[in-house]
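Numbering (the UniProt record's numbering), first residue to last: 1 to 250.
Here a beta-carbon is modelled for each residue, glycine too, at the ideal position from N, C-alpha and C.
The structure appears right after this line, and notes come after that.
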């Protein structure tokens, strides 16, 4: 069994999501041969040198899973593209390029975060090219922490404002881009996140049947794609209720 997830947007302000993720690591993921996290794992990441105790606890949980025998693969999202080698080494995970082709039960499958498919959002695509430029990344990683915190807050605020203002089709994937990139990589299955619109879309690329699987974001429930000898199964799951505090004794 292989599990794929994305868009958890982990942060201290959402302990329910953190608990659900830790439950997944302690349970279902222990039975998997591999866990793929396709971006926006954290709500924000300003550099491996700025890890908070909360982020270190997540790092340790991943390490524990890896030590149990599950291979862990991580891909950058638009929120955490500064995740680097230091984090991956400490967490015991492998950083994947976006896009990457992997073998899932004998089938070559294209994995992406998904933001690069939204080509109609020209403003975002321009910003993405700028932020992912190696020179920009070098400069960002060497800015003072206080400056990085300020920039991260500014980018998050502007992103939320822009998404609210833009039409739904602008912030979704560009239909023509999907078959183009699938043909480029010679695959019949594409898996991505980013759009927060979980679904399995049937496609026709030339004479071949194909599919695009969109992973769901974790908010009011979690989403996971399970791949095994029976195929691909995308399904949500409820978060466990928070632990009850013991009643005070007198």
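Handout entry: Extent of the continuous beta strand (DSSP E) to which residue 107 belongs
Key = 107 to 111
Exercise for the section: For the beta strand (DSSP E) holding residue 95, just list the boundary residues, first then last. Expected result: 94 to 96
Handout entry: For residue 143 and residue 203, the rounded distance between their alpha carbons
Key = 44 angstroms
Exercise for the section: Could you please give the first and the last residue of the uninterrupted beta strand (DSSP E) stretch that includes residue 200? Expected result: Under the DSSP assignment, residue 200 falls in the beta strand (DSSP E) whose first and last residues are 199 to 205.
Exercise for the section: Let me know the secondary structure DSSP gives residue 75 once reduced to three states. Expected result: Residue 75 falls in the strand class under three-state DSSP.
Handout entry: Selection from 60, 190, 115, 84 that minimises the alpha carbon distance to residue 4
Key = 190
Problem - Same chain, Cβ closer than 6 angstroms to residue 228, neighbours up to 5 away in sequence not counted - result: 1
Exercise for the section: Less than 8 angstroms between the CB atoms is what I'm expecting for residue 251 and residue 10, so what's the real figure, rounded? Expected result: Coverage of the chain is limited to positions 1 through 250, which leaves residue 251 absent and any answer about it impossible.
Problem - Residue nearest to residue 206 in terms of C-alpha spacing, selected from 134, 199, 100, 184 - result: 184
Exercise for the section: Drop a sphere of 10 angstroms on the beta-carbon of residue 41, count the other beta-carbons inside from all chains shown, and report buried for 16 or more, exposed for fewer. Expected result: buried
Practice task
State the DSSP-derived secondary structure class of residue 48, mapped to helix, strand or coil.
Solution key: Helix.
Handout entry: Beta-carbon contacts of residue 34 that lie in its chain and below 8 angstroms, excluding the five residues immediately before and after
Key = If we look at residue 34 and ignore the five residues flanking it on each side, its Cβ neighbours are 2, 3, 70, 71, 72, 73.
Practice task
Using beta-carbon positions only, say whether residue 113 and residue 216 come within less than 8 angstroms of one another.
Solution key: no
Handout entry: Of the residues 53, 18, 111, the one placed nearest residue 178, counting alpha carbons only
Key = Minimum Cα distance to residue 178 is reached at 111.
Problem - Ordered list of beta strand (DSSP E) runs contained in the region 123 to 193, each at least 3 residues - result: 189 to 192
Practice task
Reducing DSSP to helix, strand and coil, say where residue 31 ends up.
Solution key: Residue state, collapsed to three classes: helix.
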